[in-house]
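Trainee: Reminder that position 716 of the sequence shown reads as 1021 in this note's numbering, one-by-one numbering, no gaps.
Where is the CB? At the ideal position from N, CA and C, for every residue including glycine.
Before I ask anything, here is the structure I am working with.
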Amino acid sequence: MILNSKEKYPLLSKILIIFSFILILHFWFFHGSSLGSDNKSFSKVREIEISGLKSTEAEVGFKEIKVNQNLLGLPISVAGERFEHGILAHAPSKIVFLNQGRFKYFKAKIGIDDEGGGRGEVRFLILLDGNLAFTSEVIRGGSPVSPLLLNIRKANKVELVVNELGKYDYDFSVWCEPEFLNQIPKEWSTASLSKPESKSELKLDENKLWDTGNKTFPNQKGLFLWNIIVAIVYIIILTFVILKRRSILSNILKLKKYLVRPEVYILLLSAILSFWIFIPFWKQGLPVGWDAGQHYLRCWLMKNLFLSNFKLDGWSPYWYLGIQQFLFYSPFVYILVSLLHFFTFQLLPLLICYKIFYFLIYFVLPFACYWLMRQFKVDPLPSSIAALGVPSFSAIHGLGIEGLFIPGLFAQGFGILIFCFALGSLRKLKDYGGKNVLLMGLVIGILFISHIITSLYFGFCLLIFIAFNIYSGDKKNLFRIFTALVLGILISLFALWPAFNFRDLRGPEIGWGDFNFINDILEGKYFGPSLLNIFSILGFIILFFLKEKETKIIAFLAILTYLVASWKLVLLDSGIFSDIFRQVYKTHTFPYLAIYFIMFLGIFLQFFINVFSYIFSISITLNGKKATNQILAIVIICLVLVVTYNSFKRLSFLKGYIKVDSDFSNSKRKSIIEGFQWLEQNTPQNIVVAFDDRWETFGEIGFNQFASQINLFANRYTLQGNQIEATCANNTEVGKKFAEWPPQKLFEKLTRYNVSYLYTWNDDSMRNLSQSPELFRLVYFNGISSIWQLINYDFYYISNNVKIIKFFFSPERIKWEVLNKEKNNRIIAAIAYHPKWKLYINGIQTKIDKTDDHLITFSLPESESLYAIDLRFEKTFFEIVFNIISFVTFFVILFLVIKL
């Protein structure tokens, strides 16, 4: 125990413990205004006075509200202009005044204080008696103040609200020179009065309440608590390092012996190749692989929607019509990206953390392959030379530049990396066993929560190893494998059980085209350069002549994997086993086959070095000279040069595919980004956008995945994206029919799915939509991209002859107060069906059904009656139990592995 009083440094330990408590108290009392009990991340503050009118309620999201000064005690300043009077409150904030007919106008200038150094993004709102009366454009730090004058003569309650826009950085919003007036100031004309409607011209019924800001995510209180947790973790680590510094230093010094080994420098050369090819990757912007945006969106959601609320999964409104975000996308790698962001106290941008992990997948793979070959008895030198070729190896669906970066298969790339360690650990059990059973269980568990398809394929490998051990009668190793497997399943129960239990929610699969397997490999298209592929095939042949039985398993795995990949191995036509098998068939298995090719390359190099060493040893001995080592060194250098040259040649070609958003700064790309910005600045946050799904009109890879782009750049929900396997409620047909369907049919289908805006860049779609101005109104056009608004549609997620009185929307809970106008009215909610949705009508739980297109439907029995509808996304009992089992198992095994 590192803090035991009998240790060598008891006084130092106590001082560090006291220091950690002081640090926590300091954060809590002096930086903890966001830790208020309000679920909207507000804290109560003192009353504010304007023109003699005192506030009845005042709330702020960070620290405190300041009057006539900023948080540093300096005068208020916006874009260099100083103001004697003003109210500064970090968003989100709300100040409420009871007017009761006392004043007729409210005047102010709005902006962001220069304390933020030109940073910050907010939106100012004014609500009169609960109805939205004014919405500003997006106000950014460094911009001049914007004046406003609002007619409030009929309002009893005036709410001054500022919403942060998801970044929560330096949002020091200011109401400069605020006044309540009874006369219009001379500098204002009647025409300049701010109209009581939003800038987007959306007509809001005065009897309806729209929740104008999604303040429940990110949970600012949760994000702040993460800073405290990270501080405590760092204190514990620092304590451990101080107390164990001698043993840590001695272990570091032991590493010196590895510096004289040539394989270390060969692996270092592999690392240099990885750095070199990824140089363009570090430019500003999002990676442009097909799925790269979607994977970054998952990181964003993991941080803001789940971890900030101390959850690992839940319902996300950002895709389709809402999905359980990590039901079919394992969460582990997204948790790691978010934790890196948290462990830099949220100072390192999340996008940079995402790029770091993206790069590490590629960078660590040569080292993982080297370690894997060593477990299968390949010598250090040939293993390191083979690893030198790894950066140039690619296979569609997750390995190398063509398989990892171009398709953007971030999660599968991570899964393949863990697969190398899992397969090596499986072999290591044979020779060492013991504590390696715990390590193997930990690796299997991590693999199972990293990528489902890779996990299923590893299960296929486990079956081969189990069969081999049964055949050889090795009951001891068989027991070790089963024990490790059970531990791995226990660790991953929280992710495996929902994926299995709700498997019917999975959407249709998408796949890749086939290719001419043999010719493409020999020509160097897949997996590595042509010469290295030939070496690998020779290594495969040599493998059958080796004495090491366990190493021969790789040959059988490669053969069976090829049969699966080419769909020549069909076990069952239907049933759950066939469904599992279909997940790993065809191109999904090629990355693992490429891993085996790398191992075959190592086996060939070992054979070549051994034969060369044997021949020259005989000839030199016959001549009476002992120069074998020198000649062998020359041979090894030549092999290194051959592998390096072939890898470098192929990597030089592939480097051209490493691009980010900024590499596509042409007019088309610019027009699309401008459209996203318009959506962010001129539409309510909770709308759903449908977009033209015909990617071929752009062609370049940088224009793919507009679903995630709209989510990320405009912070709006989208009807669907390309990854239709995420949910049955994908509704992909709509996005392909903008030009084909009659406008009336298109309008009916879109309103059914709660779509308020269309986004298209195709002339035929624009011509079709313009035929019905009574249904679709063009609200934005920049010469290429156009945005169309559905006329008289209120985007409240339910339809069928009801009047919306009140509406509240937040992640995992949606509430309506409605007036039903029809007896036994069948209501359709534009939300994807999931068994975890629970419906409460007037407080009584009611059955939910699903429509043919996978939406939620239910009945309201009485006409002309008021109903309170409450839809909640709730965890099941088994999920809670399995979460506890996974959490406890993971940390107990991790503790035991570290201790042993």
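Compare the C-alpha of F981 against each of R428, S1091, I939 and name the closest.
Mentor: Cα-wise, what sits closest to F981 is S1091.
Trainee: What does a CB cutoff of less than 8 Å around N1020 pick up in its chain, not counting 5 residues either side in sequence?
Mentor: Taken in chain order, the residues that qualify are L470, G471, E985, Q990.
Trainee: Report the rounded CA-to-CA distance for W1093 versus D1157, giving the unit in angstroms.
Mentor: Looking at the two C-alpha atoms, the distance is approximately 28 Å.
Trainee: Rounded to a whole number of angstroms, what is the C-alpha to C-alpha distance between K1180 and L572?
Mentor: So the two alpha carbons sit approximately 47 Å from each other.
Trainee: Is DSSP giving F596 helix, strand or coil here?
Mentor: One point to set straight first is that residue 596 is Asp, not Phe, in the sequence displayed. Note: D596 maps to coil in three-state DSSP.
Trainee: So, helix, strand or coil for D819, using DSSP?
Mentor: Because the pLDDT of D819 is 46, which lies under 50, any placement of that residue in the model is unreliable, and the number read from its coordinates should be weighed accordingly. Coil, per DSSP.
Trainee: May I ask you to report which of helix, strand or coil DSSP gives L393?
Mentor: Looking at L393 - three-state DSSP - the assignment turns out to be strand.
Trainee: Going by alpha carbons, who is nearest to I690 out of Y410, P567, Y659?
Mentor: I690 has its Cα closest to that of P567, out of Y410, P567, Y659.
Trainee: Under a three-way DSSP split, which group does G406 fall into?
Mentor: Coil at G406, not helix or strand.
Trainee: Give every residue of the same chain whose Cβ lies closer than 7 Å to the Cβ of L1215, excluding the five residues on either side of it in the sequence, and list them in chain order.
Mentor: Since the first and last residues shown for the chain are 306 and 1205, residue 1215 lies out of range.
Trainee: Please go through the same chain and pick out, in chain order, the residues whose beta-carbon is closer than 6 Å to the beta-carbon of Q589, but skip the five residues on each side of it.
Mentor: Within the same chain, Q589 has close Cβ partners S967.
Trainee: Please work out which residues of its chain come closer than 7 Å, Cβ to Cβ, to P687, disregarding the five sequence neighbours upstream and downstream, and give them in chain order.
Mentor: Excluding residues within five positions, the ones whose Cβ falls inside 7 Å are G907, L910, Q911, I914.
Trainee: Which partner residues of K414 appear in the DSSP bridge assignment?
Mentor: Answer by DSSP bridge pairing, in chain order: P452, C481.
Trainee: I'd like the list of long-range same chain contacts for N1105, defined as Cβ closer than 7 Å, with 5 residues on each side in sequence excluded.
Mentor: Correct list, in chain order: N1130, R1131, I1132, I1133.
Trainee: Just curious, the beta strand (DSSP E) that R1131 is in, first and last residue?
Mentor: Where R1131 is concerned, the enclosing beta strand (DSSP E) stretches over 1130-1137.
Trainee: Using a threshold of 8 Å, state whether the C-beta atoms of D1154 and K1120 are closer than that.
Mentor: No, the pair does not count as a contact, with Cβ atoms beyond the cut-off.
Trainee: Whose C-beta lies closer than 8 Å to the C-beta of N1087 among residues of the same chain, with five residues either side of it excluded?
Mentor: Excluding residues within five positions, the ones whose Cβ falls inside 8 Å are S976, E979, G980.
Trainee: Leaving out five residues before and five after H646 in sequence, what residues of the same chain have Cβ atoms less than 7 Å from its Cβ?
Mentor: Around H646: K608, L653, L655, C658.
Trainee: Among the residues of its own chain, which have a CB less than 8 Å from the CB of I711, if the five just before and after it don't count?
Mentor: Same-chain partners within the cutoff: G594, W595, Y962, I1006.
Trainee: Checking 8 Å against the spacing of the C-beta atoms, do Y1022 and P397 come in under that value?
Mentor: No. Outside cutoff.
Trainee: Which residue from L862, L1095, W531, F1192 puts its Cα closest to that of F1081?
Mentor: Closest option to F1081, Cα to Cα, is L1095.
Trainee: Which residues does DSSP list as the beta-bridge partners of L656?
Mentor: In DSSP, L656 forms no bridge with anything.
Trainee: So who's on the other strand from K462, going by DSSP bridges?
Mentor: K462 is bridged to L403.
Trainee: Who does T1065 pair with in a DSSP beta bridge?
Mentor: S1091.
Trainee: According to DSSP, what are the bridge partners of N436?
Mentor: Answer is L433, bridged to N436.
Trainee: If you measure between the beta carbons of A460 and N404, is that distance less than 8 Å?
Mentor: Contact: yes.
Trainee: Which whole-angstrom value is the C-beta distance of V993 and S1077, which I expect to be below 8 Å?
Mentor: At roughly 20 Å, the Cβ-Cβ gap does not stay under 8 Å, so V993 and S1077 are not in contact.
Trainee: First and last residue of the beta strand (DSSP E) that includes W531?
Mentor: Here W531 belongs to no beta strand (DSSP E); instead the alpha helix (DSSP H) covers 525-548.
Trainee: Are the beta-carbon atoms belonging to V383 and C481 less than 8 Å from one another?
Mentor: Their beta carbons are under 8 Å apart, which means V383 touches C481 by this criterion.
Trainee: State buried or exposed for Q629, treating a residue as buried only when at least 16 other CB atoms are found within 10 Å of its CB.
Mentor: Label assigned to Q629: buried.
Trainee: Output needed for L752: all residues of its chain with C-beta closer than 7 Å, excluding positions within five of it in sequence on either side, in chain order.
Mentor: The answer, listed in chain order, is G720, I723, F724, A727, T759, S760, F763.
Trainee: What are the boundary residues of the beta strand (DSSP E) that I1146 is part of?
Mentor: Here the beta strand (DSSP E) through I1146 covers 1142-1146.
Trainee: Restricting to Cα atoms, I'd like to know which of R603, N741, L944, P834 is closest to F637.
Mentor: Of R603, N741, L944, P834, the residue nearest in Cα terms is R603.
Trainee: Do the CB positions of V479 and G422 come within less than 8 Å of each other?
Mentor: For V479 and G422, no; Cβs fall outside 8 Å.
Trainee: What does the Cβ neighbour count give for L862, buried or exposed, with the cut at 16 atoms within 10 Å?
Mentor: Buried: at least 16 other Cβ atoms inside 10 Å.
Trainee: Taking the alpha carbon of L782 as the point to measure from, which residue in M745, L734, V669, I846 has its own alpha carbon closest?
Mentor: Residue identity differs from the one stated: residue 782 is Asn in this sequence, not Leu. Checking every option, the nearest Cα to that of N782 belongs to L734.
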